[in-house]
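Notes follow once the structure below has been shown.
In this note's numbering, the protein residues as written are 1 to 75.
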């Protein structure tokens with residue numbers, strides 16, 4: 001696997017996971033109504049970001065894998 005090509009997806013996944021964890025902690029620690037609503041309104045976006053990150057990684061890995069296969073066939 002080429003690390004540079006799959007880095008963006010991994011970074012997006014990592015950032016999304018961290019943000020989801022931070023938001024979850026905030027929701028549990030602070031029992032403030034408005035704050036909870038704010039955090040919960042952000043949650044779907046975080047999950048969407050996580051899904052995009054996974055898709056990005058899978059796509060990149062697949063492309064790299066296919067390119068390597070093609071290279072082997074031409075050699």
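Note that beta-carbon positions come from the ideal geometry of N, C-alpha and C, so glycine has one too.
These numbers come from a predicted model, not from an experiment.
- In this structure residue 70 is exposed. Its beta-carbon is surrounded by fewer than 16 other beta-carbon atoms within 10 angstroms.
- Under a 10 Å Cβ-count criterion, residue 16 is classified as buried, with 16 or more other Cβ atoms of the shown protein chains found around its own Cβ.
- Rounded to whole angstroms, residue 34 and residue 24 show a C-alpha spacing of 15 Å.
- Between residue 13 and residue 64, the C-beta gap is not smaller than 8 Å, which leaves the two residues out of contact.
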